[in-house]
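*Asks:* Chains as they are written, first to last, in the working numbering: chain A, 1 to 414; chain B, 415 to 723.
The C-beta atom is built at its ideal place from N, Cα and C for all residues, glycine as well.
Because the structure is a prediction, the values reported are computed rather than measured.
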Ligand SMILES: Nc1ncnc2c1ncn2[C@@H]1O[C@H](COP(=O)(O)OP(=O)(O)OP(=O)(O)O)[C@@H](O)[C@H]1O
Ligand SMILES: [Mg+2]
């Protein structure tokens with residue numbers, strides 16, 4: 001009976017992986033732990049104390065502005081920040097002393113401008129000596145838009161834009177966000193329905209608040225966590241080529257009729273299976289935590305597999321290009337962290353400054369994650385994944401040829 | 415059958431293999447002998463496709479290694495000098511891997527695995543991970559991986575280096591068995607005794623070149639029916655080599671701590687040799703042996719095989 005060498009390589013890689021169980025566990029557990037820690041921060045059990053102060057100066061003091069401030073006073077922000085309503089002067093003093101994380105100032109004619117379709121300004125001043133808290137404040141603005149809060153029902157699109165503007169602002173200078181004209185249109189169109197049910201909605205949300213909020217933040221982190229696992233595992237599996245090489249396997253394969261391309265295929269298939277394994281594992285966790293629909297899990301698994309193979313191809317290319325096992329390990333491992341940071345695995349894109357997002361979205365993992373999020377988080381139809389999928393598959397095919405060509409030089413290298 | 419014609423390979427300025435030609439016939443063990451760095455492995459690696467040669471023609475079993483690579487490789491088995499085994503996997507799993515690389519599978523592969531494991535004496539240890547093996551056992555497994563597919567031609571690159579006598583015996587027996595089955599074997603080593611015991615035909619290499627070739631008998635004749643005397647000690651009068659030559663000896667080496675000579679019937683003239691040597695300096699140790707390939711190598715290169723590098 002003839003055997004298929006590709007399958008043998010696949011099985012072997014798996015066997016080796018399972019003899020080093022810790023490696024596999026590490027790839028999954030580290031991201032899950034990081035994700036867990038992040039969501040612990042936003043966890044809303046009664047004992048959790050707010051850790052920052054959010055100053056709000058409402059110069060307008062109208063219904064609409066109160067509505068706006070009220071939205072900060074509950075939901076995730078309320079658990080992380082003590083929201084203090086203060087006058088402009090007081091706020092300046094407190095900020096100068098560095099005693100608050102963020103200062104949000106609503107201009108005097110907030111409502112009027114709104115209704116007159118004039119640009120309305122919101123001033124967000126961040127404490128420059130704090131990094132995380134002001135960012136989290138921004139993220140929370142984002143989660144408000146994504147969560148089950150009534151603001152989202154009414155202003156989801158606008159809040160997203162608003163949030164984008166906010167995150168696009170230069171952080172260290174206090175910055176100005178312009179609200180779009182569309183808000184007015186929305187308000188106009190729903191004004192009649194807006195006011196009476198709003199209060200009911202508020203109460204309702206407050207009751208279920210605790211659950212919603214931590215989940216909201218976690219679900220934002222969730223895709224990033226999965227990509228973190230992909231980065232870890234693709235790095236490790238690309239490095240496997242060097243392990244095989246130092247054991248003399250790759251070199252000796254040159255003398256066999258099987259050909260290195262079968263070896264490459266076997267490795268690629270085993271990588272894909274590991275990604276599926278990770279996706280199923282993390283996906284089930286998601287199913288359990290967020291009640292993700294089962295159909296969605298299929299898409300998640302497929303997308304993570306494709307994304308994983310993309311990252312693996314990239315890591316492999318680098319690994320094969322470098323002159324030694326050590327340098328390959330150093331460089332690829334050194335890349336994992338910045339890729340995670342910029343590519344939305346540590347902080348959701350919503351919490352990143354614009355320049356970072358600009359870089360991050362262009363990184364392979366950032367691009368694939370953004371595409372994924374626009375389906376998974378932003379609830380767009382599945383078709384938003386079509387173009388990214390084509391790009392990813394093309395990338396995989398091209399990289400296969402490139403890596404296959406590199407592999408024979410790699411095998412011959414001393 | 416392995417045919418090598420005008421094979422050359424250089425690394426930068428270094429001619430690792432310099433225009434060598436030979437033919438290894440079926441049922442023959444063909445020895446490639448030479449000191450460290452002679453170019454033996456480079457030659458083997460060119461033949462097996464691990465290294466691309468600069469020049470020359472290589473045919474395995476009638477198939478050209480470049481134009482009919484798959485068929486040529488299918489007919490070839492390689493035991494590389496460096497081990498090529500998965501440390502984490504068992505002996506059996508390694509054999510499955512390499513068998514599969516040669517297109518074997520299923521029951522056929524399993525039968526062959528059990529056969530070769532018996533040949534190299536590892537059948538009782540096949541489920542253990544290779545990292546638990548001794549150096550010699552790893553070498554035996556490395557050997558076993560190469561012969562699963564019953565290659566018509568087999569390349570053995572120092573298969574016995576660093577192994578215990580027991581493992582060595584297993585390997586030599588297995589090699590002889592393959593020879594009887596009609597395999598064309600190329601065997602590189604710098605152990606003269608091994609070469610003399612196994613090889614039907616020999617090529618002696620030094621610095622990339624073939625410096626002698628022929629059957630063991632033919633090569634022995636080049637040193638003649640003489641004995642090799644080695645006199646270790648301290649010698650000062652290095653210009654008086656002719657004093658020794660006057661005894662009818664051929665001086666292979668003469669330096670401040672060693673004299674090596676080839677002389678007919680050493681036992682009869684030993685006293686006069688010692689007398690002369692003591693005039694040249696002080697003799698500490700005397701060693702007499704029948705002239706062998708080692709003596710030939712010294713004769714050809716002026717250096718001992720083991721420390722020629
Ligand atoms: N990939 C390489 N790059 C550069 N030089 C090389 C390479 N491979 C071999 N050499 C050089 O070619 C020469 C021949 O080496 P080779 O390994 O063929 O010797 P050998 O006869 O097998 O020696 P040994 O008995 O030590 O195994 C040596 O000088 C070695 O340094
Ligand atoms: Mg060698």
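Look up residue 615/B in the DSSP assignment and say whether it is helix, strand or coil.
*Replies:* Strand, per DSSP.
*Asks:* Check residue 574/B in the structure and name its three-state DSSP category.
*Replies:* Of the three classes helix, strand and coil, the one that applies to residue 574/B here is coil, per DSSP.
*Asks:* Write down every uninterrupted run of the beta strand (DSSP E) in the stretch 438 to 472 of chain B whose length is 3 residues or greater and which is fully enclosed by it, in chain order.
*Replies:* DSSP runs (the beta strand (DSSP E)) wholly in the stretch 438 to 472 of chain B: 443 to 447.
*Asks:* Cα separation between residue 148/A and residue 377/A?
*Replies:* Low per-residue confidence applies at residue 148/A: pLDDT is 28, beneath 50, and the placement is therefore not dependable enough to give any value.
*Asks:* Among 86/A, 262/A and 396/A, whose alpha-carbon lies nearest the alpha-carbon of residue 312/A?
*Replies:* Of the listed residues, the one whose Cα sits closest to residue 312/A is 396/A.
*Asks:* Since residue 516/B meets chain A, which of its residues come closer than 8 angstroms, beta carbon to beta carbon?
*Replies:* Result: 256, 257 and 258.
*Asks:* Contact between the stretch 574 to 585 of chain B and the stretch 425 to 437 of chain B: three or more CB pairs below 8 angstroms?
*Replies:* With a cut-off of 8 angstroms, the stretch 425 to 437 of chain B and the stretch 574 to 585 of chain B do not count as touching, because too few Cβ pairs lie within range.
*Asks:* Please return the same chain residues whose Cβ sits closer than 7 angstroms to the Cβ of residue 168/A, not counting the five positions on each side in sequence.
*Replies:* Because the pLDDT of residue 168/A is 45, which lies under 50, any placement of that residue in the model is unreliable, and the question is left without a value.
*Asks:* What in chain C is Cβ-close to residue 488/B, meaning under 8 angstroms?
*Replies:* Absence of chain C from the displayed structure is noted, the protein chains being A and B.
*Asks:* With a threshold of 8 angstroms between beta carbons, is residue 605/B in contact with chain A?
*Replies:* Output row for residue 605/B: interface = no.
*Asks:* Pick from 685/B, 443/B, 444/B and 453/B: whose alpha carbon is nearest that of residue 425/B?
*Replies:* Cα-wise, what sits closest to residue 425/B is 453/B.
*Asks:* In terms of DSSP beta bridges, what is residue 648/B paired with?
*Replies:* BP columns for residue 648/B point to 696/B.
*Asks:* Quick one, which residues of the stretch 493 to 511 of chain B are near chain A if we go by CB-CB under 7 angstroms, in chain order?
*Replies:* Cβ contacts with chain A come from 494, 496, 497, 498, 499, 500, 501, 502, 503, 507, 510 and 511.
*Asks:* Can you give the Cα-Cα distance for residue 291/A and residue 404/A, rounded to whole angstroms?
*Replies:* The straight-line gap from Cα to Cα measures roughly 42 angstroms.
*Asks:* Residue 286/A lies in the alpha helix (DSSP H); which residues open and close that run?
*Replies:* Segment 260 to 290, the alpha helix (DSSP H) holding residue 286/A.
*Asks:* Can you name, in chain order, every residue of its own chain whose Cβ lies under 7 angstroms from the Cβ of residue 364/A, other than the five neighbours on each side?
*Replies:* 310, 311 and 314.
*Asks:* What does the alpha-carbon distance come out to for the pair residue 658/B and residue 676/B?
*Replies:* Answer to the nearest angstrom: the Cα atoms are 11 angstroms apart.
*Asks:* Sort 672/B, 626/B and 702/B by Cα distance to residue 684/B and report the nearest one.
*Replies:* When only C-alpha atoms are compared, the closest one is 702/B.
*Asks:* So, under 8 angstroms CB-CB, residue 333/A and residue 235/A are touching, yes? Tell me the CB distance rounded to an integer number of Å.
*Replies:* Sure, about 6 angstroms apart at Cβ, within 8 angstroms.
*Asks:* Could you check whether the Cβ of residue 465/B sits closer than 8 angstroms to any Cβ belonging to chain A?
*Replies:* Yes, because at least one Cβ of chain A sits closer than 8 angstroms to the Cβ of residue 465/B.
*Asks:* Kindly indicate which three-state DSSP category residue 598/B falls into: helix, strand or coil?
*Replies:* Residue state, collapsed to three classes: strand.
*Asks:* Using a Cβ cut-off of 8 angstroms (strictly closer), state whether residue 462/B contacts chain A.
*Replies:* So yes, residue 462/B belongs to the interface.
*Asks:* From the DSSP output, which residues share a beta bridge with residue 621/B?
*Replies:* DSSP lists no partner for residue 621/B.
*Asks:* With a Cβ-Cβ cutoff of 8 angstroms, do residue 600/B and residue 569/B count as a contact?
*Replies:* Taking 8 angstroms as the Cβ cut-off, residue 600/B and residue 569/B qualify as a contacting pair.
*Asks:* Assuming residue 604/B and residue 447/B form a contact by the criterion Cβ under 8 angstroms, report the distance between their Cβ atoms to the nearest whole angstrom.
*Replies:* 7 angstroms between Cβ atoms; contact.
*Asks:* Using a beta-carbon distance below 8 angstroms, is residue 697/B in contact with chain A?
*Replies:* Not an interface residue.
*Asks:* Just the Cα atoms here: how many angstroms apart are residue 567/B and residue 461/B?
*Replies:* Roughly 11 angstroms separates the two Cα atoms.
*Asks:* What does the shell around ligand 1 hold, if a residue joins when its beta-carbon is under 5 angstroms from any heavy atom?
*Replies:* The answer, residue by residue, is 414/A, 425/B, 430/B, 450/B, 451/B, 452/B, 453/B, 454/B, 455/B and 456/B.
*Asks:* Below 6 angstroms CB to CB, which residues in the same chain sit around residue 624/B once its five sequence neighbours on both sides are set aside?
*Replies:* So the qualifying residues of the chain are 434 and 617.
*Asks:* Does the Cβ of residue 611/B have 16 or more other Cβ atoms within 10 Å, making it buried, or fewer, making it exposed?
*Replies:* With fewer than 16 other Cβ atoms within 10 Å, it is exposed.
*Asks:* So is residue 687/B in contact with chain A if we call contact Cβ pairs under 8 angstroms?
*Replies:* False, the Cβ-Cβ gap to chain A never drops below 8 angstroms.
*Asks:* Could you have a look at residue 421/B and say whether DSSP puts it in helix, strand or coil?
*Replies:* Residue 421/B falls in the strand class under three-state DSSP.
*Asks:* Report the residue from 286/A, 107/A, 240/A and 379/A whose alpha carbon sits nearest the alpha carbon of residue 266/A.
*Replies:* Comparing Cα positions, the closest option is 240/A.
*Asks:* Does the contact criterion of 3 or more C-beta pairs under 8 angstroms hold for the stretch 361 to 375 of chain A versus the stretch 335 to 342 of chain A?
*Replies:* At 8 angstroms Cβ cutoff, the stretches touch.
*Asks:* Which residues in the same chain have their Cβ closer than 6 angstroms to the Cβ of residue 225/A, if we skip the five residues on either side of it in sequence?
*Replies:* Only 31 and 35 meet the Cβ criterion.
*Asks:* Using the C-alpha atoms, what's the distance from residue 60/A back to residue 49/A?
*Replies:* The predicted model places residue 49/A with a pLDDT of 46, which falls under 50 and marks its position as unreliable, so this point remains unresolved.
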